[in-house]
Amino acid sequence: MKKVLAILLSAAMILSLAACGGGTTVQSAESAAAETPVTEAAKEEAAPAAAEEAAPAAEAPAKESKGVYAIITKSAGNPYNEREASGFEAAITGAGYEAIIKHPAEITAEAQITLINELVAQGIDGIAIAANDFDALETSLKAAMDAGIHCICLDSSCNPASREVFINQAGVKEVGQCLVDATYDLTGGEGQWAILSATSVATNQNAWIDAMKEILKDDKYSKMELVEVAYGDDEQQKSVDETKALLQNYPDLKLINAPTTVGIAAASKVIQDEGLCGKVIVTGLGLPSEMAEFMEGENPACPYMFLWNPIDVGAVAGYTLMAMVNDGFDGGQVGASFTAADGKTYTVSQADDGGTQIIVGPPFKFDSSNIADWKTVY
Amino acid sequence: MEDTVKREISAKRDKSFKSIFFRWETLLVLMFVAVNIMNICISKNYLNGNNLFTAICTFIPKGLIAFPMAYLLVLGEIDLSVGSTVALSATTMAVLFNRGVPLETCVALCLIVATACGMLNGLILISFPELFPMIVTLGTQTLYRGIAEMILEDESAGKLHLVQWFYDIYYKKLGPIPICFIVFCVMAVIFGLVLHKTVFGRQLYAAGSNREAARYSGVPVKRNRFICYTLVGLVSGISALFYASWMGSIRSDIAAGYELEAVSMVVLGGISTAGGTGNFPGTVIAIFTIGLLKYGLGLINVNSQTILMIIGAILILVVMAPNIKNMIKARMAVKAQKAEQ
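Listed in order, the protein sequences are those of chains A and Y. Last residue of the first sequence: number 406 in the numbering used here, and the count goes up by one each step with no gaps. Last residue of the second sequence: number 345 in the numbering used here, and the count goes up by one each step with no gaps.
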């Protein structure tokens, strides 16, 4: 008798536990539904609380399209991606639409495919994705495009077949121009300067350096003498050694331009350690978090440097998707352009991988006035 | 000391084996139904055959690994190297394919590498029976992953989708039903039948509930352990094939965490990590329950990390449930004794 009672009780216990489990699920789903922007469809069908909230929001979006756009980041907790997502969200919600931000559970293409499938099932309007693999997303993104969802890449691209257009954070020419202008400005337009690059085969760096050399042919820059392109191989120690060699070989060197995050930090460190701040100036492309210590204070080793602004990249992705859905903008058509809510016109150009791209603009300038804010970002 | 503990556990379990596990299965089915009802309620996009199959196919590669993993857990063992085995075998295949080796050969090599990985685990563990499977396979996990990373570094290899028949492994459909889903079901039936209807399967239960006793009764424990680890390797290779056909390109960091997902599915299915208990249909239902729960929550855009937390919480509840039951039972027994006095 007691045994039976015990078994019955325990069975009830297990069942209630399971019920608890189920309960937790539903609750979290509800609370998440309230916090995270969800599609109208999901909202309508969601638990009563969420459905009530959804009712007024349903008026805003356009009639034919759902007015829902999503961004898929590379991973959760990637500060650079988080900023892109916030820029995207601001652009989308600013236009009165709904933005979904999805972070994959792992930094893999597999986790991103799961998210793409979920978005396809919801039938949203557009997906912007920072791809974790160049080729692996092809089939699922094609399926999304077949389902009438516009797909674009930002930050890190997938292959041309998987996307309509790639939102490129900075074009080669823009970077080259920016770096030459910085050199011109910081040296006063004359004197010896050197480039400290990554490896001699680094695609990006070589493209930028070639662009710089092309720009330097202009008469305006004739008094500037590029003495050497040194290669620090993107290794801290090698970059330090190369910087020291430059300083030794060219006593009149006025500036070191390092279009690589490792190089610029290493060069700045050498200049600071040897007390050469002000005599030899460092600039280039650097990570704010790594460069902050060399940019703050009275006489910094690096007065200013550049990198991309992730918020702008995300926003342009949002503008592009909205232009595609609302105005029939064709991202695959080189030369096509649209004017975004920020007043700028974005034009499609040919990308190096054979697809198309939209270049966000010149790199973003970091100096002593904004570095304190940005060093916590990335 | 260890042996006495083991005997005690198995003795306890044997008594109420039937009653608990009959209920456990019912409970699982209920959970499965509940998850589906919940999904239908929260999203009108859920009941769409095409999308549903797409979603189901996304958890087939890891679901497959849960099958032989169930065998290992019945034996009271575990293999944490499966994710790395998938990565290493897929990497081998993709890299060789890019070097111009015919894809058929690469596929065979993928299966051979994976089986060899499993065999190595088995060989180490039967040669040194005093070692813990969890520690050994944790070692091979980093070893296999390390080799894959050495081969590929930060690159990706593949372009496997260029070969149509290979693309079809994952994407081909028979009518509305994907072939990989059919393969999954067929394998589930075979694994279930072998575990429950053959001598080999019963030997696994015997060895799992008390390895020493089983050995003295003439069960070839060593051989069976080796077979199971090898089987895990082989199925990881099959999983790698599906994965490669799905993605078309391979990186060294793929399938990370598959080992834990497979173990979670098996444990939710009612097979205890202590060994000797549980049944196979439970595992299959659990695979679908977890997979569809994830999909449903994803459909209403619950954050991926929150979904993982929910799954984790459910798993803890599941593992706790039998213990709580036993605790209550023990207390009631004490009370009953007191009352009688």
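In this text, a Cβ means the ideal position worked out from N, Cα and C, and glycines have one as well. If you're wondering where the values come from, they're calculated on a predicted model, not measured in any experiment.
query	result
Asp280 of chain A at chain Y interface by Cβ criterion, 7 Å	no
Complete runs of the alpha helix (DSSP H) confined to the stretch 252-293 of chain A [at least 4 residues]	264-277
Lys130 of chain A: first and last residue of the uninterrupted alpha helix (DSSP H) it sits in	Note, Lys130 of chain A: premise wrong, no alpha helix (DSSP H); beta strand (DSSP E) at 126-130.
Closest Cα partner of Gln205 of chain A within the set A:Asp269, A:Leu349, A:Ser190, A:Leu244	A:Leu244
Environment of Thr89 of chain Y [buried if 16+ CB atoms lie within 10 Å]	buried
contact_flag[the stretch 304-321 of chain Y, the stretch 98-106 of chain Y] where n(CB pairs < 8 Å) is 3 or more	no
Terminal residues of the alpha helix (DSSP H) in which Lys48 of chain Y lies	Premise fails: Lys48 of chain Y is in no alpha helix (DSSP H) and is neither H nor E.
Close Cβ partners of Val322 of chain Y (< 6 Å) along its chain, the five nearest in sequence each way excluded	Leu272
The stretch 239-246 of chain Y / the stretch 135-146 of chain Y touching (three or more Cβ pairs under 8 Å)	no
Residue-chain proximity (Ser253 of chain Y, chain A), Cβ-Cβ < 7 Å	yes
The stretch 139-151 of chain A: positions lying closer than 8 Å to chain Y by Cβ	Ala139, Ile141, Thr142, Leu143, Asn145, Glu146, Val148, Ala149, Gln150, Gly151
Proximal chain A residues relative to Leu312 of chain Y, where beta-carbon distance stays under 7 Å	Ala133
Residues that Tyr332 of chain A bridges to, as DSSP identifies them	A:Asp395
6 Å Cβ shell around Ala295 of chain A - same chain, five flanking residues per side excluded	Leu224, Thr271, Ile284, Ala286, Val310
Collapsed DSSP secondary structure at Cys184 of chain Y in the structure displayed	helix
Those residues which DSSP pairs with Cys179 of chain A across a bridge	A:Ile155
Residues that Glu166 of chain A contacts on chain Y, provided the C-beta gap is smaller than 8 Å	His165, Gly252
Gly115 of chain A in three-state terms, based on DSSP	helix
Chain-order list of residues whose beta-carbon lies under 8 Å from that of Ala38 of chain Y (same chain, five-residue window excluded)	none
Proximity test, Tyr209 of chain Y beta-carbon vs the ligand FMN heavy atom, cut-off 6 Å	Absence of the ligand FMN from the depicted structure is noted, as is the absence of any ligand whatsoever, leaving it without description.
Neighbourhood of Ala343 of chain A by C-beta distance below 6 Å, restricted to the same chain and skipping five residues each side	Gly115, Ala119
Partners in chain A for Ser160 of chain Y, counting only beta-carbon separations shorter than 8 Å	Asp161, Phe162, Asp163, Ala164
Endpoints, beta strand (DSSP E) assigned at Tyr374 of chain A	373-378
Within chain A, partners of Thr58 of chain Y - CB distance below 7 Å	Asn145
Cβ neighbours of Ser168 of chain A in the same chain (closer than 7 Å, five flanking residues each side left out)	Ile141, Ile144, Asn145
Element boundaries [alpha helix (DSSP H), containing Asn145 of chain A]	137-150
Beta carbon of Pro391 of chain A nearer than 7 Å to that of Val203 of chain A	yes
Pair within 7 Å by beta-carbon distance, Gly274 of chain Y and Gly261 of chain Y	no
One or two residues paired with Lys177 of chain Y in a DSSP bridge	Y:Pro182
Rounded separation between Asn228 of chain Y and Tyr171 of chain Y - CA only	35 Å
Residue span of the beta strand (DSSP E) that contains Asn196 of chain A, given as start and end	193-196
Nearest neighbour of Arg191 of chain A, chosen from A:Ala164, A:Ala123, A:Ala226, A:Ser93 [CA to CA]	A:Ala164
DSSP state of Gly162 of chain Y mapped onto helix, strand, coil	strand
Interface flag, Ala104 of chain A vs chain Y, CB-CB below 7 Å	yes
The stretch 387-406 of chain A contacting the stretch 332-347 of chain A, beta-carbon criterion three pairs below 8 Å	yes
Ala123 of chain A vs Pro132 of chain A beta-carbon contact at 7 Å	no
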